[in-house]
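Read in order, the letters of the sequence shown are residues 46 to 160 in my numbering.
The beta carbon of each residue, even a glycine, is placed where N, CA and C say it ideally should be.
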Amino acid sequence: QVQLVESGGGLVQPGGSLRLSCAASGVIFRFNAMAWYRQAPGKERELVARIMSGGSTNYADSVKGRFTISRDNAKNTVYLQMNSLKPEDTAVYYCNVRPGISPYWGQGTQVTVSS
């Protein structure tokens, strides 16, 4: 059974930083792409960043240059380093993996950027 457990969210002032972590189990982690999505109130869930099994990455335009996704295959963990945070980054952030037909999601972690 695939499980994804996110951590690291919280309240931060504009311009601040946070690092999110997602620990995966029940999946051959090193063979799978991992992704972070977010969903703000009243908006659809959107892709923030993805890292492929080989390490290549892609980002939403809104976070390029500010966010960095990385992975540690030895720890079955994917990270999202978020710098220069803005109020519009406020959302619930979800970890995602799709080892087959169906995607799996974590429970989400709240990120609030406010002064």
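Test item: CB-CB of residue i and residue j under 7 Å
i: I96; j: R116; result: yes
i: N141; j: A80; result: yes
i: T154; j: Y138; result: yes
i: R111; j: S129; result: yes
i: N121; j: A69; result: yes
i: N118; j: R75; result: yes
i: G151; j: E89; result: no
Residue i to residue j span [Cα, whole Å]
i: V72; j: P148; result: 12 Å
i: K131; j: G60; result: 6 Å
i: M127; j: I114; result: 9 Å
i: G87; j: E133; result: 13 Å
Contacting residues, own chain, Cβ-Cβ under 7 Å from residue i (five flanking each side not counted)
i: Q46; result: G71
i: A136; result: R83, Q84, A85 and V156
i: G53; result: L63, R64, L65, S66 and T154
Cutoff 8 Å; reference residue i; Cβ partners in own chain excluding five residues on either side
i: E91; result: Y82, R83, Q84 and A105
i: S98; result: R75, F76, N77 and A78
Rounded distance between the beta-carbons of residue j and residue i, thought under 8 Å
i: L56; j: C67; result: Wrong, their Cβ atoms sit about 20 Å apart, outside the cutoff.
Neighbourhood of residue i by C-beta, 6 Å cutoff - its chain only, sequence neighbours within 5 removed
i: Q58; result: S160
i: T102; result: I96 and I114
i: V123; result: C67, M79 and R116
Task: beta strand (DSSP E) runs wholly inside the segment 99-139, at least 3 long, in chain order - done: 102-104, 112-117 and 122-127
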